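In our numbering, the protein residues as written are 400 to 506.
Below, the structure is given as structure tokens:
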């Protein structure tokens, strides 16, 4: 079972206490965007096998959204961080790179 630590309240929660929110760090498009931009936002996702950044909500806890880095193949969690972060923190990226030397990095 997947266990993530909420960076806000510090509780280690199993996935049954959380709500998945999809891929993290997406550029969101709305009114005024082109059809291609909006279609890309709605339907185009990376869906990698390996390191992935996701949005999660601590639904049965503090209720806040946060971001997590994990491996989709092994469910290994590298870390969690604030949802207001524009990209993964440098220390988290370094931790992932140390465990996965062939990881090409964020973006």
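For glycine and all other residues, C-beta sits at the position ideal for the given N, C-alpha and C. This structure is a prediction, so every number in the text was calculated from the model and none was measured.
Quick check: the Cα distance between residue i and residue j, rounded to an integer number of angstroms?
i	j	result
residue 425	residue 440	8 Å
residue 504	residue 431	32 Å
For residue i, I'd like the list of residues in its chain whose CB is within less than 8 Å of its CB, leaving aside the five on either flank, ordered along the chain.
i	result
residue 455	403, 417, 418, 419, 420, 464, 465, 466, 467 and 479
residue 494	477 and 478
residue 414	400, 401, 402 and 403
Residue range of the beta strand (DSSP E) that residue i falls in?
i	result
residue 411	411-413
Using C-beta distances below 7 Å, list every residue in its chain close to residue i, excluding the 5 sequence neighbours before and after it, in chain order.
i	result
residue 444	422
residue 460	405, 408, 410, 412 and 416
Which residue marks the beginning of the alpha helix (DSSP H) containing residue i, and which one marks its end?
i	result
residue 439	434-442
residue 492	489-498
Would residue i be called buried (16 or more neighbouring beta carbons within 10 Å of its own) or exposed?
i	result
residue 452	buried
residue 469	buried
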